[in-house]
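First up is the structure itself, then whatever we jot down about it.
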Amino acid sequence: MSTELGEKQVLAARDVTVRFYTYAGVVHAVSEAYLDVYEGESVALVGETGSGKSVFTRALTGLIESPGRIESGRVYFRRRDGRVVDMLKLPADELRRIRGDEISYVFQDPSSALDPLYTAGDHIAETIIEHRAVSKREALREAVRLLRDVMIPNPETRVKSYPHELSGGMRQRVVIATAIANKPRLLIADEPTTNLDVTVQAQILDLLKELGKKYGMSLLLITHNLGIVAETADRVYVMYGGRIAETADVFTLFESPQHPYTRLLLNCVPNPMRKFERLESIPGTVPNLIDMKPGCPFAPRCPHALDVCSKENPPRVELGGNHVVHCWLHWKR
Amino acid sequence: MIVVSELLRAENLKKYFRVRGSLFKTLKAVDGVSFSIREGETLGLVGESGCGKSTLGRVVIRLIEPTSGRIFFRGKDVTSLRGSELKGFRREAQIVFQDPNTSLNPRMTILETLMEPILEHKIPVGDPEGFITDQLTRVGLGKEHLHRYPHELSGGQRQRVAILRALLPNPSFIVLDEPTSSLDVSVQTQILNILKDIQSERKLSYLFISHDMGVVKYMSHRIAVMYLGSIVELAPSDTLFENPLHPYTKLLLSAVPVPDPKFARSRKRLEIKGEPPSPIDLPPGCKFHPRCPFVMEKCRLERPQLMEVEKDHYVACWLYAKA
Amino acid sequence: MNPLYQVGSWLVDAYAKLRDKLSPGWLERNRSRLVETKLSIYVFTTSKIGVTGLVLVIVTLFLAIFGPVIAWEPYDVYPVLLNPDLAGKLPHPPCLGSCEELPAAGTDHYGRDVLSLVVRGFRISLVMSVIIVVTSAIIGVLLGLVSGYFGGVVDEVIMRFTDMMLAFPGLVLAIAFSLTLRPALRDFMMTNPVFTHAVAYIFALNPEDAPNLANLLSVFLALIIVWWPPYTRVVRGSVLTVREQGFIEAARALGLSVRKILLRHLLPNIISPLLVMVTFDFATATLSSAALSFLGLGPQPPVPDLGLVISQAGQFFPERSWWIVVEAGTALLLISLGWNLVGDALRDVFDPRTRRSIELRAKIEVRP
């Protein structure tokens, strides 16, 4: 694992561990997680509740608050001017400058991301003015341009609309417009379409891909929906119990998944285009992240678990290409 | 003619809501829907937000009273039942709601919640508590959950409790309103399998409402596609996916994310025009015509009805009307 | 773990053990409930404000119950009548050490020990505020439940009526009712000695003094009439929120009667904000009834109503009666402050988010 960024690489996270200190015990939210994002690509981070994907994503820009603590890790990011910085070592105000400007977030619920007292134009203009020295009028003009980019009809009128006057799909587009306003290098979208209709979801996902190409923006998509992953992502990371279980490009992952969890997860998802009799579910429940002992977090539910799986953390095994799996079954002595 | 094994039949159900602050505007949530469900069958109901599927699910069991239309259960008209007769219908027709976080009374323990249907319908079991404890395993729960409060259980466990609550009165028909939408994928599959097993054990009929096409296909024998209060297509599951006829169905299917990257990248997405309109200002003629890529003159003027185009396959579209 | 919580926790455990001995298995069945109770105690005791308020409330309750017993002077004996030489010296300021037979805390213009009066006054204040608030709350809950659940015409009628009552200036309306009810009450009390005795006993007053008891009653009947509308509003608001929750719909789908839904499902889920409101209201009611008495609309001397005591001191204020105002005023302050602080802490106790976040930080369990 190189600790420096490759030429075409935007982000490299290494060995990130996040723990939450509660009186109920120490929650091992994220353990030794890593991530690479290259220019112009879409990366998906897949996991269910308790996998740690949301915490990991927030940790990338230092957005973890007490009682959570980033225990260790490095998050290298190549800024617009070419400098490479470790996000986890930056002072708070520089992080704030990067957020919203070079790295943007889109969260799940557009209704709570938008202040009901401000128009769409206000939201977008605010983020422009925050990071660039432009007048309010110029910012609003750009807001109209951005609304057009995210395919909102009649942007000149819509820029004056309040959130409650917009449908769910349009609200999410406004949020996306706000996120891309400063042409970020990386857009992190956490379940951006979960509350939206299927047709609207398809439009938004297509839009994100278009914008990625148009603005030279990389996309980090966090989701539990494997259909979205198949449609949108170039590469995929699968998380379970706070650890990365497997990563590969999207075709490889779906065609020959190597981690038992990935396999079972793919078998759970009903594919409407295929005929099948019965879906095999994964027995058991998600692991308790409190006071976790070493060992593979999936061991209690894994049908192929070996003795060593519950005792020692699984090793990183490179399977060629960019396919990596963390599993004792693939460990050759 | 009444088919022998038909369990539930809805005839021209309508549910109109008056819009506040306006005398003339009505929200036509359900606009003349007819269908039937046989014993042991699952009818899937799909559509996007505002199509009225949740309202229809509630109207069919009279949780919301229909504005007009009739509901037949086992051949008997149950539309205007009252009192103890209505209660008898309620025992037979149950519902599981979407959000497990609010469908259980936060101040009642699981046992108290599950005792209610037994006591309310006077289900003859010798020892109610023992009976409930046995039934818990049916849905994958254990004795230790009995005396806990809902907030001590996970979303998946709460939904199991909700399902068990619906099963205890021994119904023959259950409306499942997006029962797994808020759950993780692996939990979802567990619950869907439980529902399927119970269905074959007890010959239950389900009305399975969902926006997830993959899940609906897995669970349903037949599927009805709803748009703005009307059924636009009704067909057996496989037929619907292999040969969708209505333009909206085609649109829907092309938008559904498929967990197969090769397929996803090779297919062409149907151009989706505009946003779903509101059920208050309905366009004249066919409700879908403003967004339809195949719109004809007739579509703007007259509203098409559901017609049988091939065996068991119904569509409401002028493209398929026989001259 | 703070010591107060440990006491509370020990009490809960002891109770649990006892119940379990009486009916084995009780502990298991109610474990969750006990844990919730302990959590409530924990949240409450971690709030310094709450504990302070609780201390004040306990003192108030103690004095309210035992005040008339431990008060060392009767309230209806005027020393100045027994001992006319005192007239010039009254009201006598507090004298620490240097007084002859005069009370150390000072006297009022009748020569009564002010502190003894104040101690008796707690009973009246507390009973008044509790009865006013509880009665208003009950009326408000009934109307609010019906109005909120049924909606439509029923809701409109009830709410318009409530609005109408709310539109009147509360104190003025209370004054008007108090004056009009008084004669009727007086007659009623004259003709119903059993009732009069009961009232006198509750307030620890002389049952012979029927007119004054009637005055007392008129104050709080007037206040009840004015007090219930806000409760109806608040309860209705809570009902509107809870009504939309899934489990209410589930109860209807089960075929439960309206009465059962209201009592079993709605009421328990709206009680928390109600309890908080009631607690705060005890403070407000204490002060409002004292205000009415201050204006002379309540009982007349010799009844040791705190508001009346202050008002009587008015003619000699400030140099010749400041201690009366200070002592009675402080009593009122402490009573209302106590309820306010407890209400504040209760709000935290019932707020689900605060509970969950504290629950994570405290290890609460019930051991068999």
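Top to bottom, those sequences are chains V, Y and L.
Each residue of the first sequence is one higher than the one before, counting from 152 in the working numbering.
Each residue of the second sequence is one higher than the one before, counting from 4 in the working numbering.
Each residue of the third sequence is one higher than the one before, counting from 2 in the working numbering.
Even for Gly, the Cβ is constructed at its ideal location relative to N, Cα and C.
Quick caveat: nothing in here was measured; it's all calculated off a predicted structure.
Check your understanding: Along chain L, in chain order, which residues have C-beta atoms closer than 8 angstroms to that of Arg21/Y?
Key -> None at all; the shortest Cβ gap to chain L is about 12 angstroms.
Practice item. Spatial neighbours of Phe75/Y within its chain, please: CB distance less than 6 angstroms, with the 5 preceding and 5 following residues excluded, ordered by chain position. Key: Arg12
Review point. Is the stretch 197-212 of chain Y touching the stretch 434-442 of chain V in the sense that three or more CB pairs, one from each, lie closer than 8 angstroms?
Key: no
Point to revise | Alpha-carbon spacing of Thr136/L relative to Asn216/L, whole angstroms | key: 19 angstroms
**Study point:** C-alpha distance - Ile166/Y paired with Val99/Y, whole-angstrom precision
**Key:** 6 angstroms
Practice item. State the beta-bridge partners of Met229/Y as determined by DSSP. Key: Ile234/Y
Check your understanding: Beta carbon of Val142/L, beta carbon of Ser179/L: below 8 angstroms?
Key -> no
Check your understanding: Excluding five sequence neighbours on each side, which residues of the same chain lie with their C-beta closer than 6 angstroms to the C-beta of Gly54/L?
Key -> Gly339, Leu342 and Val343
Check your understanding: Quick one: is Ser33/L near chain Y, going by C-beta distance under 8 angstroms?
Key -> yes
Practice item. In the DSSP assignment, find the unbroken beta strand (DSSP E) run with Ala489/V in it and report its ends. Key: No information on residue 489/V is available, as it lies outside the stretch 152 to 484 that chain V covers here.
Check your understanding: Where does Pro239/Y fall in DSSP's three states?
Key -> strand
Exercise for review: Determine, using beta carbons only, whether Leu255/Y comes closer than 8 angstroms to chain V.
Suggested key: yes
Practice item. Can you pull the chain Y residues whose beta carbon is under 9 angstroms from the beta carbon of Phe151/L, in chain order? Key: Per Cβ cutoff of 9 angstroms: no residues; Phe151/L is ~15 angstroms from chain Y at best.
Review point. Glu360/L by DSSP, collapsed to three states: which one?
Key: helix
Practice item. In angstroms with no decimal places, state the Cα-to-Cα distance between Gly149/L and Asp156/L. Key: 6 angstroms
Review point. Near Val236/L, which residues of its chain fall below 6 angstroms by C-beta distance, leaving aside the five closest residues on each side in sequence?
Key: Gly141, Val142 and Gly145
**Study point:** Pairwise C-alpha distance: Phe258/V and Tyr188/V
**Key:** Note that residue 188/V is Val in the sequence shown, not Tyr. Cα to Cα, the separation comes out at about 19 angstroms.
Practice item. Can you say whether Pro282/Y is buried or exposed, counting buried as having 16 or more other CB atoms within 10 angstroms of its CB? Key: buried
**Study point:** Own chain partners of Arg151/Y with C-beta closer than 8 angstroms, once the 5 adjacent residues on each side are dropped
**Key:** Thr112 and Ile113
Review point. What is the DSSP secondary structure of Val36/Y, reduced to helix, strand or coil?
Key: strand
**Study point:** Cross-chain neighbours of His99/V in chain Y, by beta carbon under 9 angstroms
**Key:** Limits of chain V in this structure are 152 at one end and 484 at the other, which puts residue 99/V out of reach.
**Study point:** Supposed close pair Ile336/L, Thr61/L - CB separation, criterion 8 angstroms
**Key:** 5 angstroms
Point to revise | Closer than 7 angstroms: Val468/V CB and nearest the ligand NAP heavy atom | key: For the structure depicted, the ligand NAP is absent and the ligand set is empty, with no information on it obtainable.
Review point. Going by beta carbon distance, what residues of the same chain come within less than 7 angstroms of Ile121/Y, once the five residues before and after it are set aside?
Key: Val128, Pro131 and Leu171
Check your understanding: Mind checking if His266/L is an interface residue toward chain Y, Cβ cutoff 8 angstroms exclusive?
Key -> yes
Check your understanding: Tell me, which residues are paired with Thr29/Y by DSSP?
Key -> Arg21/Y
Check your understanding: Is Ala195/V helix, strand or coil when you go by DSSP?
Key -> strand
Check your understanding: Can you list, in chain order, the residues of its chain whose CB lies under 8 angstroms from that of Asp385/V, leaving out five sequence neighbours each side?
Key -> Glu192, Ser193, Val194, Asp400 and Val401
Check your understanding: Under a CB-based cut-off of 8 angstroms, is Asp357/V close to chain Y?
Key -> yes
Practice item. Below 7 angstroms CB to CB, which residues in the same chain sit around Phe204/L once its five sequence neighbours on both sides are set aside? Key: Arg124, Ile125, Val128 and Leu217
Review point. Which bits of chain Y does Phe248/L rub up against, with CB to CB less than 7 angstroms?
Key: Thr105, Ser106, Leu107 and Asn108
Point to revise | Cut-off 6 angstroms between Cβ atoms - residues of its own chain near His224/Y, not counting five sequence neighbours on either side | key: Glu44 and Thr45
Review point. Chain L beta carbons: is any one of them nearer than 8 angstroms to that of Asn251/Y?
Key: Reading off the sequence shown, one finds Tyr at residue 251/Y, where the question assumed Asn. No, its Cβ sits nowhere closer than 8 angstroms to a Cβ of chain L.
Point to revise | From Asp215/Y, Asp315/Y and Thr29/Y, residue whose alpha carbon lies closest to that of Ser246/Y | key: It should be noted that the sequence gives Asn, not Ser, for residue 246/Y. Among Asp215/Y, Asp315/Y and Thr29/Y, the Cα nearest to that of Asn246/Y is on Asp315/Y.
Review point. How about Ala17/L: is its C-beta nearer than 8 angstroms to some C-beta of chain Y?
Key: no
Practice item. Could you tell me the distance, in whole angstroms, from the CA atom of Leu35/L to the CA atom of Leu23/L? Key: 17 angstroms
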